[in-house]
Structures are given as C-alpha cells and as structure tokens.
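Taking it in order: structure first as structure tokens, then the write-up.
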Amino acid sequence: MLAERLTVGVAARLSRYLQVLTQAKKMGKDRISSQEIAEYTNINATQIRRDLSSFGRFGKRGVGYNIDSLLGEIRKILRTQGQHNIALVGAGRLGGAIATSPIFAEHGITIAAVFDVDPDKAGRIIGGVPVSPLEQLAQLVDERNIIVGVLAVPADTAQGAADALVVAGVKIIFNYSQALLTTPADVQVHTSNPAVELLYALYFHLT
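Under this note's numbering, the sequence shown has 86 at position 83, and the numbering climbs by one with no breaks.
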C-alpha cells in the first residue's frame, strides 16, 4: 500500500491526524482513541478508523492507538521521515515568525536558507539562519539540497521570488502571499490564506 499514491482526500486527512498526534504527544499523552482524534479534527471516528485500518492494524478496541507508533506509521505513509530542507524567501515579520517556529523541526523539516531582497537584512540571523541576498538563491538551493520554497513576501514581489525558486530547481512552493502565481506545470504551488480557511470553517459551522 505504501507504494501506491494516496488520494488527495486521504493524504489531507492523514496530515490532520499527524497534527493532532504531534500535539497530543507534546501534551504527554501516550495513547489516543479514534473518538478523541475525531473531536480535534471534526472527521468522523468511523472514517478515521477506516483510514488507519487500510494501512495496517494500529489500534485496539477499548484501548486506542499508541501515539508514538501511529506517528511513525503516518510519517512513513506520507513519506515525511528523514530530513527535508526548505528555503524561506522573506525576512520580514511573517518570515521571522515562520523561521522561529518549532513546528517545522518537529516534522523533520529544516529551514536551510533565508533570503530577502532588502540589502539591509543581509547577514541578520533569523531562527538561527543568516539572511542571504536573493541573488544567492540558486547557489544555496543546490549546495543545501533544498527541495521546497516558502514565500513570505508582499504580493507585488511574490511572482519574482517564485520565478527565482523555479529557476533554481525548486518544485514545491508554499505561498503565504496574496498573489496568484504562474509557474510551470511541474511546479506545485500551495497557497495558504487564513481568512479563506476561516470562511471555509464558518460555512460548514453555520449551514
């Protein structure tokens, strides 16, 4: 089953389970039930059990799931084991918050380089990483085996930054700007907009 490509729906749900399990472990929990996962994700407990049982027998009725074991299995399924290096473009307030967040490290993700077009920011240390000029992006992407780019820049500079990532060979871009990006077909762009996600949640809560 691990060799098969997950559907978008299954991958999205497993990612949400991973978030809950990671937080539960940080809170000191050793085990968790499908009902508890359901309460934190708003995904039906039956669906959760169906998702997890399709990859093996992880839990016991009345006992629940061992969090460490399930974390390892889901990370293996999502292919998130190991170390993944990302480039952060934008060393402003948003970029600084992203760079100093411990969330990435918890999942084996390292911010290996930070870039900004402002020459005054070059050399500053953000999240333990020195800020480099955008002109060095291609060089550092190659040297540090960076596979993902994160854009934390104003909308009017986002396309240029995305273009630089594409030229450097990055195939996955997470876009935290408000810009609609144009990229080649083989480059995945994931746009995060908290306001849109809130509207989505409100729609299902109020209807």
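Backbone N, C-alpha and C define an ideal beta-carbon position, used for all residues, glycine too.
| field | Sequence-distant residues of its chain with Cβ nearer than 6 Å to S37 (five each side left out) | value | Hits under 6 Å: A48, I51, R52.
| message | Strictly by DSSP, which residues pair up with F118? | response | For F118, which the question treats as bridged, DSSP gives the partners V92, S135.
| said: Let me check one thing: in DSSP terms, what residues is Q191 bridge-paired to? | reply: Q191 is bridged by DSSP to I175.
| What is the rounded straight-line gap between the Cα of D33 and the Cα of V153? | Looking at the two C-alpha atoms, the distance is approximately 33 Å.
| Cβ-Cβ distance between A158 and I129 below 8 Å | The answer is no: Cβ separation not under 8 Å.
| Run through DSSP, which three-state label would I46 get? | Coil.
| request: Count the other CB atoms, across all protein chains shown, that sit within 10 Å of the CB of I114; report buried if there are 16 or more and exposed otherwise. | output: Counting C-beta atoms within 10 angstroms of its own C-beta, I114 has 16 or more neighbours from the protein chains shown and is therefore classed as buried.
| query | Quick one: what's got a C-beta closer than 7 Å to A165's C-beta in the same chain, skipping five residues either side? | reply | For A165, the CB contacts under 7 Å within the same chain, skipping 5 residues up- and downstream, are L154, I176, L184, T186 in chain order.
| query | Where does G67 sit, in a helix, a strand or coil, going by DSSP? | reply | The answer is strand: DSSP assigns G67 an E or B state.
| request: Apply the 10 Å Cβ neighbour rule to A15 and answer buried if 16 or more other Cβ atoms are within range, or exposed otherwise. | output: Flag for A15 reads exposed.
| message | I'd like the span of the alpha helix (DSSP H) that includes V11, first residue to last. | response | Looking at the DSSP string, the run of the alpha helix (DSSP H) that includes V11 is 11 to 29.
| message | Buried or exposed for R98, going by 16 or more other Cβ atoms inside 10 Å? | response | For the record, residue 98 in the displayed sequence is Gly; it is not Arg. Flag for G98 reads buried.
| said: If you reduce the DSSP assignment to three classes, tell me which class G99 lands in. | reply: Correct three-state label for G99: helix.
| request: May I ask you to report which of helix, strand or coil DSSP gives V169? | output: Here V169 carries a helix assignment [DSSP, helix/strand/coil].
| message | Within a Cβ cutoff of 6 Å, which residues of the same chain sit near R19, ignoring the five residues on either side of it in sequence? | response | Contacts found: T44.
| task | Determine the direct distance from the alpha carbon of H87 to that of D71, and round the result to whole angstroms. | result | If you take the alpha carbons of D71 and H87, they lie about 21 Å apart.
| Which stretch, first to last residue, makes up the alpha helix (DSSP H) that contains L143? | First-last of the alpha helix (DSSP H) with L143: 140 to 146.
| said: Please state the DSSP three-state secondary structure of T113. | reply: Strand, per DSSP.
| query | Is D54 near V13, with beta carbons less than 8 Å apart? | reply | Between D54 and V13, the CB-CB gap stays under 8 Å.
| field | For I149 and I89, believed in contact at Cβ under 8 Å, the rounded distance | value | In this structure, I89 and I149 form a Cβ contact; the two beta carbons are roughly 6 Å apart against a cut-off of 8 Å.
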